[in-house]
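Protein chains in written order, with our numbering: chain P, 86 to 331; chain R, 142 to 250. This report refers to the structure that appears directly beneath it.
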């Protein structure tokens, strides 16, 4: 029967990937180490692997280039979508105003889903082992804003509308779901067109620098996905050419 | 150039030949250096050396002694042999004239 100590070792070892976990636990058993030594060994390995991961630019980009800034901005977009929806279903809304409110709401809702999904995908793909840091950096602003949210007509959870598509994106990123170049180009161009449309309908013009900076933070993950899809497409073509040559 | 621990891992793996895997390499290093070798240091070094193309690893057989868990087998590549040889040569060159190296030479001869 397995002791509590070894159960703890096995649980901690879940932080390691499949094959590595198998080899490490086997080695510890073979060396006849006690549960305490084994636990320290596994913990030291997990820590070292995490530190080694941060030597690359990828987790830094995922955490501080996407998770942290995008969560702030996407909370703002979530609130805007929620307020738009509330306005749409308000009995005071005139039929003439409906034509203005509905397209803008649809535009913002699509942007919200697109930005969140692409951001989530990039985070999942770039920081597989350090995903928990990205998650903490995404959740911290959310908790901060939830605690300070004071709009009587709105539920505070309307700030978190972006989370569902973002988690969906993270799942795809972690599984490294294949993305097609043509689909990604269409997806990114659609987001860009909708961004331009929402700028103009908001009473501001597309050349406003503030809009460029904020929206660049939200759109770059989609552009990055186009680059990934192009690279995958390119390497697949090269591989096929090599196969034909052989 | 290799680090000291990287050299130890490559040399232990080369010495063990077909029987080189995590626990065996660790035991070999501990026995020869009389120093504790942590599993964290060993596996991160194996990963690093594999990324550099100096080692190749694959999952091997499972034994009852290991609770039915597979071994991570290790093989030193030609590039790894070359890197270890360069490190060894550098140690020999830099040690020329050092008192402990000459004393040892005197004892042997």
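Glycine residues also receive a C-beta, built at the ideal position from the N, C-alpha and C atoms. Everything numeric in this text was worked out from a predicted model, so none of it was measured.
Mind checking who residue i pairs with in its DSSP beta bridge?
{"i": "residue 204 of chain R", "result": "R/210"}
{"i": "residue 217 of chain P", "result": "Residue 217 of chain P is not bridged to any residue."}
{"i": "residue 162 of chain R", "result": "R/214"}
{"i": "residue 199 of chain R", "result": "R/214"}
Do residue i and residue j have their C-beta atoms within less than 8 Å of each other?
{"i": "residue 214 of chain P", "j": "residue 259 of chain P", "result": "no"}
{"i": "residue 250 of chain P", "j": "residue 151 of chain P", "result": "no"}
{"i": "residue 252 of chain P", "j": "residue 205 of chain P", "result": "yes"}
{"i": "residue 215 of chain R", "j": "residue 154 of chain R", "result": "yes"}
{"i": "residue 185 of chain R", "j": "residue 137 of chain P", "result": "yes"}
{"i": "residue 108 of chain P", "j": "residue 213 of chain R", "result": "yes"}
{"i": "residue 303 of chain P", "j": "residue 155 of chain P", "result": "yes"}
{"i": "residue 194 of chain R", "j": "residue 226 of chain R", "result": "no"}
{"i": "residue 150 of chain R", "j": "residue 183 of chain R", "result": "yes"}
{"i": "residue 173 of chain P", "j": "residue 190 of chain P", "result": "yes"}
{"i": "residue 162 of chain P", "j": "residue 197 of chain P", "result": "yes"}
{"i": "residue 189 of chain R", "j": "residue 178 of chain R", "result": "no"}
{"i": "residue 206 of chain R", "j": "residue 118 of chain P", "result": "no"}
{"i": "residue 211 of chain R", "j": "residue 111 of chain P", "result": "yes"}
{"i": "residue 88 of chain P", "j": "residue 123 of chain P", "result": "no"}
{"i": "residue 370 of chain P", "j": "residue 148 of chain P", "result": "Chain P is shown only over 86 to 331; residue 370 of chain P falls outside these bounds and no answer can be derived."}
{"i": "residue 143 of chain P", "j": "residue 211 of chain P", "result": "yes"}
{"i": "residue 311 of chain P", "j": "residue 270 of chain P", "result": "yes"}
{"i": "residue 227 of chain P", "j": "residue 244 of chain P", "result": "yes"}
{"i": "residue 166 of chain P", "j": "residue 194 of chain P", "result": "yes"}
{"i": "residue 129 of chain P", "j": "residue 181 of chain R", "result": "yes"}
If you reduce the DSSP assignment to three classes, tell me which class residue i lands in.
{"i": "residue 250 of chain R", "result": "Note that residue 250 of chain R has pLDDT 41, beneath the 50 cutoff, so the model's placement of it is unreliable and the number below is only indicative. The answer is coil: DSSP assigns residue 250 of chain R none of H, G, I, E or B."}
{"i": "residue 99 of chain P", "result": "coil"}
{"i": "residue 133 of chain P", "result": "helix"}
{"i": "residue 274 of chain P", "result": "helix"}
{"i": "residue 179 of chain P", "result": "coil"}
{"i": "residue 118 of chain P", "result": "coil"}
{"i": "residue 236 of chain P", "result": "coil"}
{"i": "residue 212 of chain P", "result": "coil"}
{"i": "residue 172 of chain R", "result": "helix"}
{"i": "residue 321 of chain P", "result": "helix"}
{"i": "residue 123 of chain P", "result": "helix"}
{"i": "residue 140 of chain P", "result": "coil"}
{"i": "residue 185 of chain R", "result": "helix"}
{"i": "residue 142 of chain R", "result": "coil"}
{"i": "residue 220 of chain R", "result": "helix"}
{"i": "residue 150 of chain P", "result": "helix"}
{"i": "residue 177 of chain R", "result": "coil"}
{"i": "residue 151 of chain R", "result": "helix"}
{"i": "residue 88 of chain P", "result": "coil"}
{"i": "residue 192 of chain R", "result": "helix"}
{"i": "residue 164 of chain P", "result": "helix"}
{"i": "residue 111 of chain P", "result": "helix"}
{"i": "residue 264 of chain P", "result": "coil"}
{"i": "residue 34 of chain P", "result": "Absent from the model: residue 34 of chain P. The displayed extent of chain P is 86 to 331, so no value can be given."}
Show which residues of chain P have a CB atom less than 7 Å away from the CB atom of residue i.
{"i": "residue 164 of chain R", "result": "112, 115, 116"}
{"i": "residue 151 of chain R", "result": "Here the premise fails: no neighbours, minimum Cβ distance about 18 Å."}
Taking Cβ-Cβ distances shorter than 9 Å, what residues in chain P pair up with residue i?
{"i": "residue 167 of chain R", "result": "112, 116"}
Could you tell me which chain R residues have their CB closer than 8 Å to the CB of residue i, listed as they occur along the chain?
{"i": "residue 129 of chain P", "result": "179, 180, 181, 182"}
{"i": "residue 104 of chain P", "result": "200, 211, 213"}
Counting only Cβ pairs nearer than 7 Å, list the residues of chain R close to residue i.
{"i": "residue 126 of chain P", "result": "179, 180, 181"}
Which bits of chain P does residue i rub up against, with CB to CB less than 8 Å?
{"i": "residue 185 of chain R", "result": "130, 133, 134, 137"}
If we cut at 8 Å on Cβ distances, does residue i have a partner in chain C?
{"i": "residue 188 of chain P", "result": "Here the protein chains are P and R, and chain C is not one of them."}
Residues, ordered as in the chain, of the region 201-220 of chain R that lie near chain P by beta-carbon distance below 7 Å: 206, 207, 208, 210, 211, 212, 213
Residues within the region 106-120 of chain P neighbouring chain R, beta-carbon criterion of under 8 Å: 107, 108, 109, 110, 111, 112, 113, 114, 115, 116
Cβ-based contacts, 8 Å cut-off: residues of the region 132-147 of chain P near chain R: 132, 133, 134, 137
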